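Data block below; observations after.
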Amino acid sequence: MSDAFKTFGCILLIVGIAIGGGMLALPLVTAAIGFPLAILLLIFCWAVMSLTALLILEVNLAFPAGTNFSAMSRHTLGRGGQITTWVSLLLLYYTTNAAYISGGSSMLSVVTKLIIGITWPDWVNVLIFIIVLGGVVVLGMRSVDYINRGLMTIKGIAFFAIIFLILPDVNANNLVSSTQQLPYIWHTLPILMIAFCSQIVIPSIRNYIGPDVKRLRIIVLSGSFIPLMIYICWELVTLGVLPLHGANSFQNIAAKHGSIDDMVMNIQHIAGSKYINLCVDIFTNIALTTSFLGLSISALDFLSEATKINSRKFSNRFIVSLLTFIPSILFVFFYPKGFVLALGYSSIFVAILALILPPLMVRNLRKKNKEQIYRTWQTTPILWLLVLLGIGFVVVEILSSLHMLPGSH
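Following our numbering, the numbering of the sequence shown begins with 694 at its first residue and continues without gaps.
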C-alpha cells in the first residue's frame, strides 16, 4: 500500500471516530446559543483538542513503536498517573462501545426484519454485530483501514446528499437571530469538546505509519480539521432551516425532549423531501460502525500493551479481543443502567484523557531531558493553561449533572 493511501486512510480513521451519530444532535445543543456563538465555540474546541492531540503525538514518539497510553503515563506520570489513565480509558472504551453495540444490534434487527422478515433475539443481533465488525478489528489495523475507507465513502455521500437537500431552504434570518440564552453555553461546551475526541487512536496510527513525524502531523491535524468543516456545514443548514421559535422550531423539538428524529422530521417538513430521513438513517448507521471500528482498534492496542500480551500472534490477539469486547457486551445485557450512567459522564473521561493528562505527560517528559524526535511549540504556561481548562471542564460537567449551573433543568 502506498504511503499516500495509508496517510489518507489514517485521516479517515480519525474523522470516522470523531464524526459519530452524536453529530446529528449538535444543533439541538447549540440552537439556544445561536449560530455565531456556536461556530466560535466549535473553533475553540477544535483548536484546544488539536493542541492536545499533538501533545499526545509528542509523548508517543518519545518511546519505541508499540507504546500506548499505559506505558506513556507510567514513564511520565508514575503509577498514579497510570492508574488514572487506565480507569479513564477503560470506562470510556467500555461504555462508549456498549452504546455502539446496543445501537448496532438494534440497527441489525431492523435490517434483518426488512430483508428476510425474521426477528431474532437481541443476543443474536449483538453476536452478529460483534463477529462481523469485531472480526475486522481482530484482523488488525490494515483491515480496519480498508473497511473504514469504504464505510466513510458511503457516509460522505449520505452527508453531502443531506446538505444538498436542505441547503436551498436555509434562511439567513435564522442564523443571525439573537437568542439571549448564554447560560446554555455551560451545557454546550462539553458536548462540543467530545465531538473532536479522537486522540486515543494516535498510538495505533503511529504504530501503523511508523515514526514519520511529518506524515503523522498531517494525519492528526487533517483528521481534526475535516470534522470542524463538516460540523460548521451541519450547523449552517440545520440552524438555518429551523427557527428557534414558532412552527417546526427548536422550541417545539425541545418540548418533545429534544429527539433527533423530531428534528429530522421538522427539517423534512420544511425542505419537502422524503429522502432526507433515508440519508440521515444511512449516515447514522454508518457513523456508528466507523466510530466502533476506530475505538475498538484503539482499545485492543491499549489492552495489548497494558496486559503485555503480544497481540502479533493470532491466538494472543483473540484473547485481547475478548478483553476488548466482552465487558461492553456484559454492560449491554446485564447492567444497561450502569453503562448509560457512565456514558453520561464521558465528557469527564475525555477531559482527563485529552486535556489534563497530555500536557502533564509532556511537561514531565521534557523535564527528564529525554531525547525526542518531535517536540511541539507549546510552552510550559500553555501546558498549564490546558490543564486548568481540563479541570474546568470536569468541574462544569459535575456541576451540570448536579443541576447547579444556570440553564440546568
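The beta-carbon is built from N, C-alpha and C at its ideal position, and this holds for glycine as well. Source: prediction; values computed, not measured.
Q) Should the segment 959-966 be regarded as contacting the segment 904-923, the criterion being three or more beta carbon pairs within less than 8 Å? A) no
**Q.** Buried/exposed call for tryptophan 1119, threshold 16 Cβ in 10 Å
**A.** There is simply no residue 1119 to check, as the chain begins at 694 and stops at 1102 in what is shown.
Q: Taking glycine 987 and glycine 709 to be in contact with their CB atoms under 8 Å, please state how far apart those CB atoms are, rounded to whole angstroms.
A: 5 Å
Q | Cβ pair count under 8 Å reaching 3, the segment 760-770 against the segment 993-1007 | A | yes
Q. How would you label leucine 949, buried or exposed, when you count the other beta carbons within 10 angstroms and need 16 or more for buried?
A. Looking at the sequence itself, residue 949 is lysine, so the reference to leucine does not match. Burial call: exposed.
Q. Thinking C-beta only, is isoleucine 979 closer than 8 Å to alanine 888?
A. no
Q) Using the C-alpha atoms, what's the distance from threonine 977 back to alanine 740? A) 26 Å
Q: Inspect the beta-carbon positions of leucine 717 and leucine 885 and report whether they are closer than 8 Å.
A: no
Q | Distance CB(leucine 748)-CB(glutamine 1071) smaller than 8 Å | A | yes
Q | Backbone CA spacing between aspartate 696 and glycine 702 [nearest angstrom] | A | 10 Å
Q: Using only alpha-carbon positions, find the residue among Leu785, Gly833 and Thr777 that is nearest to lysine 1006.
A: Gly833
Q) How many Å lie between alanine 724 and serine 942 at the Cα? A) 10 Å
Q.
In whole angstroms, give me the CA-to-CA distance for tryptophan 813 and serine 802.
A. 7 Å
Q) Cβ atoms of leucine 706 and isoleucine 847: under 8 Å apart, would you say? A) No, these two residues do not count as a Cβ contact at 8 Å.
(Q) Quick check on the burial criterion: 16 or more other C-beta atoms within 10 angstroms. Buried or exposed for tryptophan 816? (A) exposed
Q) In whole angstroms, what separates the C-alpha of valine 906 from that of isoleucine 704? A) 14 Å
Q. So, using beta-carbon positions, are valine 1025 and serine 799 closer together than 8 Å?
A. no
(Q) With distance defined between alpha-carbon atoms, name the residue in Gly727, Ala746, Ser1014 and Ile732 nearest to threonine 1069. (A) Ranked by how close their Cα comes to the Cα of threonine 1069, the residues Gly727, Ala746, Ser1014 and Ile732 have Ala746 in first place.
Q. Are there 16 or more other CB atoms within 10 angstroms of the CB of valine 1088, so buried, or fewer, so exposed?
A. The residue in question, valine 1088, is exposed, as its Cβ has fewer than 16 Cβ neighbours within 10 Å.
Q. Along the chain, which unbroken stretches of the alpha helix (DSSP H) at least 4 residues long are found entirely within the segment 755-817?
A. 762-809
**Q.** Element boundaries [alpha helix (DSSP H), containing methionine 1097]
**A.** Premise fails: methionine 1097 is in no alpha helix (DSSP H) and is neither H nor E.
Q: Just the C-alpha distance for leucine 1081 and serine 766, rounded to the nearest angstrom, thanks.
A: 19 Å
Q: State the start and end residues of the unbroken alpha helix (DSSP H) segment that holds leucine 1020.
A: According to the sequence as given, residue 1020 is proline; it is not leucine. Looking at the DSSP string, the run of the alpha helix (DSSP H) that includes proline 1020 is 1007-1027.
**Q.** Cα-Cα separation, phenylalanine 985 to isoleucine 1045
**A.** Taking the Cα positions, phenylalanine 985 is about 21 Å away from isoleucine 1045.
Q: Return the chain-ordered list of same chain residues with a C-beta closer than 8 Å to the C-beta of valine 811, the five sequence neighbours on each side being excluded.
A: For the sequence presented, residue 811 should be read as isoleucine rather than valine. Taken in chain order, the residues that qualify are Thr805.
Q) Between alanine 854 and cysteine 972, which are expected to be in contact by the criterion C-beta below 8 Å, what is the C-beta distance as a whole number of angstroms? A) 5 Å
**Q.** Cβ-based neighbour list, tyrosine 968, same chain, cut-off 8 Å, excluding 5 preceding and 5 following
**A.** Contacts found: Ala854 and Leu858.
Q. In or out: threonine 982 buried (at least 16 other Cβ within 10 Å) or exposed?
A. Burial call: buried.
Q) Nearest-angstrom Cα distance between aspartate 955 and arginine 908? A) When rounded, the distance between both Cα atoms is 42 Å.
Q. Among residues of its own chain, excluding the 5 on either side of leucine 1053, which ones have a beta-carbon nearer than 8 Å to its beta-carbon?
A. Thr769, Leu770, Gly774, Leu1076 and Val1080
Q.
Assuming contact is defined by CB atoms lying nearer than 8 Å, are isoleucine 856 and valine 930 in contact in what I supplied?
A. yes
Q. Using the rule of at least 16 other Cβ atoms within 10 Å of the residue's Cβ for burial, across every protein chain shown, is proline 1051 buried or exposed?
A. buried
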